[in-house]
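Participant: For reference, the structure I am asking about is given below.
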Amino acid sequence: MRFFDVLGFKQAQTMAFAIDEINRNPNLLPNVTLGYSVYDNCLQLAIGFRGALLLTSGQEDQVILHEPCEGTPPVLGIVGDDASSHSIAISTILGLYRMPMVSFFFFLSTNPPSSLDDDYGLHAAQSFQSDLNPADGGCLAYLEVLSWGDDPAELRRIVNVVRQNVTGLQWMASEAWTSAAVLQTPHLMPYLGGTLGIAIRRGEIPGLREFLLQIEPDLNHNSYGNNFWEYTFKCRFAPPPSGWVEAGGTICTGQEDLETVQTEFLDILNLRPEYNVYKAVYALAYALHELLQCEPGRGPFSGNSCGDLQRLEPWQIVYYLEKVNFTTSFGDEVSFDENGDVLPIYDILNWQWLPDGGFKVQNVGEVKKSALKGEELTLEENIIFWNFKPKKPPHSVCSESCPPGTRRARKKGEPECCFDCILCSEGKINSTECISCPEDFWSSPQRDLCVPKKIDFLSYHEPLGICLTATSLLGTFTCAVVLFIFIHHRQTPIVRANNSELSFQLLVSLKLCFLCSLLFIGRPRLWTCQLRHAAFGISFVLCVSCILVKTMVVLAVFKASKPGGGASLKWFGAVQQRGTVFTLTCIQAAICTAWLVSASPVPHKNTQYHNDKIVYECVVGSTIGFAVLLGYIGLLALLSFLLAFLARNLPDNFNEAKLITFSMLIFCAVWVAFVPAYISSPGKYADAVEVFAILASSFGLLLALFGPKCYIILLRPERNTKKLDKRVCCPGPRVKGALIKSLNHS
1 MRFFDVLGFK QAQTMAFAID EINRNPNLLP NVTLGYSVYD NCLQLAIGFR
51 GALLLTSGQE DQVILHEPCE GTPPVLGIVG DDASSHSIAI STILGLYRMP
101 MVSFFFFLST NPPSSLDDDY GLHAAQSFQS DLNPADGGCL AYLEVLSWGD
151 DPAELRRIVN VVRQNVTGLQ WMASEAWTSA AVLQTPHLMP YLGGTLGIAI
201 RRGEIPGLRE FLLQIEPDLN HNSYGNNFWE YTFKCRFAPP PSGWVEAGGT
251 ICTGQEDLET VQTEFLDILN LRPEYNVYKA VYALAYALHE LLQCEPGRGP
301 FSGNSCGDLQ RLEPWQIVYY LEKVNFTTSF GDEVSFDENG DVLPIYDILN
351 WQWLPDGGFK VQNVGEVKKS ALKGEELTLE ENIIFWNFKP KKPPHSVCSE
401 SCPPGTRRAR KKGEPECCFD CILCSEGKIN STECISCPED FWSSPQRDLC
451 VPKKIDFLSY HEPLGICLTA TSLLGTFTCA VVLFIFIHHR QTPIVRANNS
501 ELSFQLLVSL KLCFLCSLLF IGRPRLWTCQ LRHAAFGISF VLCVSCILVK
551 TMVVLAVFKA SKPGGGASLK WFGAVQQRGT VFTLTCIQAA ICTAWLVSAS
601 PVPHKNTQYH NDKIVYECVV GSTIGFAVLL GYIGLLALLS FLLAFLARNL
651 PDNFNEAKLI TFSMLIFCAV WVAFVPAYIS SPGKYADAVE VFAILASSFG
701 LLLALFGPKC YIILLRPERN TKKLDKRVCC PGPRVKGALI KSLNHS
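Quick note on the UniProt record's numbering: the sequence shown kicks off at 1 and runs consecutively.
Right, here's the structure in full:
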């Protein structure tokens with residue numbers, strides 16, 4: 001038996017029914033009768049082209065009308081083709097004529113954009129792939145396109161790709177094969193049972209079955225109806241082909257009854273493509289109806305003109321077709337969007353495997369989009385059949401979602417949603433791609449959130465800060481005690497012989513040195529950063545200046561003890577001593593002022609030393625300024641050391657030269673060691689190194705210069721006498737008088 005496209009013939013008859021129904025409707029297109037021509041493209045694009053061009057040019061050879069009309073009736077539009085690739089190609093040609101084409105499977109289309117190897121299927125596959133969100137666990141293991149051709153090698157390749165344990169999977173079917181009866185067999189149910197897919201909306205068309213039953217063959221002409229009749233009743237009209245009767249074939253009489261045979265042609269319970277054809281015809285009819293309702297002078301065309309049925313142009317129909325909006329008798333809204341796609345509406349079908357071994361395709365919901373409500377999904381989950389145990393919706397992932405604090409590492413050669421979970425590195429969080437925390441934050445131990453970084457500086461509350469603070473206060477207290485002792489015993493020879501005024505100034509400056517170290521402890525602020533180095537520099541210059549002047553006085557006194565040397569004492573009186581100390585200190589004050597004005601030290605949040613900590617520190621601003629400050633202190637200390645070294649062998653009862661030499665040696669050693677230690681110490685430890693150097697050098701000066709004197713004053717008072725004082729210089733009343741006068745300015 002030769003092939004006959006029953007469904008295509010059924011769709012053509014549905015179009016005829018819709019036109020007949022419209023012609024009988026007094027409210028739609030009154031006084032207008034629609035006709036139609038039917039062309040069979042034989043599934044070939046070239047034949048489809050020919051039919052479209054014939055219709056466009058007005059040379060169609062068959063126009064079926066049930067009422068007489070005058071003149072050549074205008075062509076309103078074309079319904080079809082059912083293949084999207086054909087529709088696109090044909091519409092490209094028709095676009096030159098601005099002829100509307102309503103493809104009931106594609107655009108300006110009554111089939112939603114479901115967008116099988118044609119443009120329709122490729123668009124659907126690409127859209128599905130792009131819509132899958134790997135972040136939600138969705139991805140494609142593979143994507144293969146079935147071609148319309150019959151390339152065996154390509155088919156074998158696809159089969160080899162897909163044949164990967166397909167049992168136990170939840171299949172999601174596109175519109176192309178959701179309703180494919182060829183796949184709905186008992187043999188495939190173990191694999192495809194439970195499939196969920198979308199299908200063209202099933203509609204109901206009242207009166208269609210009765211219309212289809214009126215089909216009769218044309219005994220005088222060969223027609224589609226004759227071919228259908230022969231295919232359905234398995235007979236042939238006379239004259240039959242040679243050998244047909246001899247082979248047992250029957251002759252068609254035209255009196256056969258369609259109701260006596262079982263044929264899908266009469267199935268009106270599953271109208272899907274036919275329902276789209278029905279809506280396509282009505283879309284064209286409503287477009288024409290709106291055109292005819294136009295009021296002269298208020299039309300949408302040039303000069304506010306309206307379309308004229310007698311001189312109707314196809315593009316005028318297109319204008320109204322784009323604005324079509326009607327509701328079918330089945331309750332479905334029909335309108336087109338700006339892209340020419342109809343508002344989508346699909347049925348959701350489920351392939352159900354019955355206990356008796358049979359199967360059925362069950363409607364379990366719908367998805368649609370309306371102009372008012374937008375996209376809507378309705379799903380009856382309780383009637384869905386799942387083809388695995390337990391009978392519940394599947395948990396379908398390749399890899400479980402990564403826990404917080406880890407990132408996805410895609411498995412090589414596997415889909416994007418197949419991955420391993422790797423712990424984020426320190427300072428990063430998230431569960432998809434590890435992202436860095438803001439600058440002042442760090443990841444928690446679980447890598448699940450960013451927490452503020454710890455703040456680190458030399459604090460009064462930590463052991464190191466407490467020790468340095470206690471040492472500073474101890475030094476300050478010791479200076480106060482020594483000062484009290486010297487004031488209390490200021491009339492004793494040892495105090496008077498060692499220039500008590502400079503000693504008092506030296507003790508006060510040492511106290512300031514101990515106290516300035518406290519500025520390096522605690523959270524750095526602008527005023528502490530600016531004051532710490534200035535206070536340190538000025539305090540130490542004051543201290544070293546006093547020592548330098550004391551050394552110079554000792555040398556001058558003993559130089560004056562030699563014959564002809566008395567004039568040297570004129571240059572080291574009390575005023576000169578005070579002036580020298582003041583001048584040397586003012587120079588350091590000027591250095592500090594220039595430093596603070598040009599590049600002042602400021603507090604700084606350092607995030608480079610530690611990843612999880614913010615180190616608060618004072619940046620010096622100008623390294624040159626800091627170097628000049630230290631260099632000036634070092635210059636005075638070196639000068640004091642050299643002068644004291646020269647005076648080390650003078651009579652030593654009350655001679656301080658050896659003590660100054662030793663104290664300056666300690667002082668210089670501490671600060672020479674300070675430089676590399678300071679440079680190599682990060683963050684708060686640099687401050688600790690500087691505080692340690694201040695305290696060590698201060699204690700060195702305090703103990704070396706005042707320790708022996710306090711020992712004599714407190715523990716060996718018998719040595720604190722004028723008798724011993726006379727041994728400091730050579731005999732002779734003139735020299736002795738000069739010595740006592742020089743050393744007792746205070």
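A virtual CB, placed ideally from N, CA and C, is assigned to each residue, including glycine.
#1: Let me know if Pro524 comes out buried or exposed under the rule of 16 or more other beta-carbons within 10 Å of its beta-carbon.
#2: From Ser598 to Gln608, what distance separates their C-alpha atoms?
#3: Kindly give me the distance between the Cβ atoms of Ala686 and Trp671, rounded to whole angstroms, as I take these residues to be in contact under 8 Å.
#4: From Val318 to Arg298, what distance separates their C-alpha atoms?
#5: Taking the Cβ atom as the reference point for each residue, do Ala280 and Val102 lie within a distance shorter than 7 Å?
#6: If contact is defined by three or more beta carbon pairs under 8 Å, each pair taking one atom from either stretch, is the region 252 to 271 in contact with the region 219 to 231?
#7: Taking just the CA atoms, how far does Ile466 sit from Ser459?
#8: Is any beta-carbon of chain D found at less than 7 Å from that of Asp82?
#9: Alpha carbon to alpha carbon, how far is Tyr36 from Val75?
#10: For the region 708 to 722 against the region 530 to 549, do three or more pairs of beta-carbon atoms, one drawn from each stretch, fall closer than 8 Å, so that the two count as touching?
#11: Relative to the alpha-carbon of Gln170, which residue among Leu665, Thr195 and Glu154 has its alpha-carbon at the smallest distance?
#12: Pull up the DSSP beta-bridge partners for Asp420, would you.
#13: Does the region 14 to 33 come close enough to the region 274 to 292 that 3 or more CB-CB pairs lie under 8 Å?
#14: Locate the alpha helix (DSSP H) running through Asp20, then write down its first and last residues.
#15: Classify Ile521 as helix, strand or coil using the three-state DSSP reduction.
#16: Give, in chain order, every unbroken run of the alpha helix (DSSP H) that is at least 4 residues long and sits entirely within the region 629 to 682.
#17: Determine, using beta carbons only, whether Ala589 and Ile538 come nearer to each other than 7 Å.
#18: Assuming the contact rule is C-beta atoms closer than 8 Å, Leu636 and Ser545 should be a hit. Round their C-beta distance to whole Å, please.
#19: Cβ of Val615 within 7 Å of Cβ of Asp456?
#20: Assign Ile679 to one of two classes, buried (16 or more other C-beta atoms within 10 Å of its C-beta) or exposed (fewer than that).
#21: So, do the region 202 to 216 and the region 259 to 276 have three or more beta carbon pairs nearer to each other than 8 Å?
#22: Shortest alpha-carbon distance to Asn606 belongs to which of Lys454, Phe326 and Cys516?
#23: Quick check: the region 21 to 32 against the region 279 to 295, are there 3 or more CB pairs under 8 Å?
#24: Might you give, ordered along the chain, the residues of its own chain that have their beta carbon closer than 8 Å to the beta carbon of Ile712, omitting 5 neighbours on each side?
#25: DSSP has Met172 in a bridge; who is on the other side?
#26: Measure the alpha-carbon distance for Tyr97 versus Pro314 and round it to whole angstroms.
#27: Taking the DSSP output, what are the residues bridged to Ser370?
#28: My output table needs one value for Trp386: the three-state DSSP class, helix, strand or coil.
#29: Might you give, ordered along the chain, the residues of its own chain that have their beta carbon closer than 6 Å to the beta carbon of Ile384, omitting 5 neighbours on each side?
#30: Check whether the Cβ atoms of Ser370 and Glu338 lie closer than 7 Å to each other.
#31: I need the DSSP call for Cys402, collapsed to helix, strand or coil.
#32: Can you tell me which residues form a DSSP beta bridge with Val361?
#33: Quick check on DSSP: helix, strand or coil for Glu617?
#34: Starting from Asp687, trace the alpha helix (DSSP H) both ways and give me its first and last residue.
#35: Mind checking whether Ala627 and Ala644 have CB atoms under 7 Å apart?
#36: Name the two residues that bound the continuous alpha helix (DSSP H) containing Thr232.
Facilitator: Straight from the coordinates:
#1: By one-based count along the sequence shown, residue 524 stands at place 524. Pro524 comes out buried.
#2: Here the question's residue 598 lines up with position 598 in the sequence shown. Here the question's residue 608 lines up with position 608 in the sequence shown. Rounded to whole angstroms, Ser598 to Gln608 spans 26 Å at the Cα level.
#3: As a working mapping, residue 686 is identified with position 686 in the sequence shown. As a working mapping, residue 671 is identified with position 671 in the sequence shown. That pair is no contact at about 15 Å.
#4: Here residue 318 corresponds to residue number 318 of the sequence shown, with the count starting at 1. Here residue 298 corresponds to residue number 298 of the sequence shown, with the count starting at 1. So the two alpha carbons sit approximately 18 Å from each other.
#5: By 1-based counting over the sequence shown, the position of residue 280 is 280. By 1-based counting over the sequence shown, the position of residue 102 is 102. Closer than 7 Å, so yes.
#6: yes
#7: What you label residue 459 is simply residue 459 of the sequence shown in a count that begins at 1. What you label residue 466 is simply residue 466 of the sequence shown in a count that begins at 1. Roughly 8 Å separates the two Cα atoms.
#8: Absence of chain D from the displayed structure is noted, only one protein chain being present.
#9: Reading the sequence shown from its first residue, position 36 is the one you call residue 36. Reading the sequence shown from its first residue, position 75 is the one you call residue 75. When rounded, the distance between both Cα atoms is 9 Å.
#10: no
#11: As a position in the sequence shown, residue 170 is number 170, starting the count at 1. When only C-alpha atoms are compared, the closest one is Thr195.
#12: For the purposes of this step, residue 420 is taken as the residue at position 420 of the sequence shown. Answer is Ala409, bridged to Asp420.
#13: yes
#14: Along the sequence shown, read from residue 1 onward, the residue named residue 20 stands at position 20. Run containing Asp20: Val6 to Asn23, per the alpha helix (DSSP H) assignment.
#15: Looking up residue 521 in the sequence shown gives position 521. Ile521 falls in the coil class under three-state DSSP.
#16: 657 to 680
#17: The count along the sequence shown starts at 1 and reaches residue 589 at position 589. The count along the sequence shown starts at 1 and reaches residue 538 at position 538. Cβ atoms of Ala589 and Ile538: closer than 7 Å.
#18: Counting from one through the sequence shown, the residue named residue 636 turns up at place 636. Counting from one through the sequence shown, the residue named residue 545 turns up at place 545. Correct: roughly 6 Å between the Cβ atoms.
#19: Residue numbering aside, residue 615 sits at position 615 when the sequence shown is read from its first letter. Residue numbering aside, residue 456 sits at position 456 when the sequence shown is read from its first letter. Against a cut-off of 7 Å, the Cβ pair of Asp456 and Val615 comes out as a contact.
#20: Translated into the one-based positions of the sequence shown, residue 679 becomes position 679. So Ile679 counts as exposed.
#21: yes
#22: Start at 1 with the first residue of the sequence shown, and residue 606 comes out as number 606. The residue with the shortest Cα to Cα distance from Asn606 is Lys454.
#23: yes
#24: Counting from 1 along the sequence shown, the entry for residue 712 is found at position 712. These residues qualify, in order along the chain: Ile494, Arg719 and Asn720.
#25: To locate residue 172, count along the sequence shown from 1; it is residue 172. Answer by DSSP bridge pairing, in chain order: Leu196.
#26: Taking the first residue of the sequence shown as position 1, residue 97 is located at position 97. Taking the first residue of the sequence shown as position 1, residue 314 is located at position 314. Rounded to whole angstroms, Tyr97 to Pro314 spans 8 Å at the Cα level.
#27: For the purposes of this step, residue 370 is taken as the residue at position 370 of the sequence shown. Note: Ser370 sits in a beta bridge opposite Gly374.
#28: The residue labelled residue 386 in the question sits at position 386 within the sequence shown. It is coil, neither helix nor strand.
#29: Translated into the one-based positions of the sequence shown, residue 384 becomes position 384. So the list reads Asn350 and Val364, once near-sequence residues are dropped.
#30: Along the sequence shown, read from residue 1 onward, the residue named residue 370 stands at position 370. Along the sequence shown, read from residue 1 onward, the residue named residue 338 stands at position 338. Against a cut-off of 7 Å, the Cβ pair of Glu338 and Ser370 comes out as no contact.
#31: As a first step, residue 402 is located in the sequence shown; it is residue number 402 there, counting from the start. Three-state DSSP puts Cys402 in coil, outside helix and strand.
#32: Taking the first residue of the sequence shown as position 1, residue 361 is located at position 361. Paired residues: Trp351.
#33: On the sequence shown, residue 617 is found 617 positions in, with the first residue counted as 1. Of the three classes helix, strand and coil, the one that applies to Glu617 here is strand, per DSSP.
#34: Residue mapping note: residue 687 aligns to position 687 of the sequence shown, counting from 1. Start and end: Lys684 to Leu715.
#35: Locating residue 627 in the sequence shown gives position 627, where the first residue counts as 1. Locating residue 644 in the sequence shown gives position 644, where the first residue counts as 1. The answer is no: Cβ separation not under 7 Å.
#36: Taking the sequence shown and counting its residues from 1, the one referred to as residue 232 is at position 232. Thr232 -> alpha helix (DSSP H) spans Tyr224 to Phe233.
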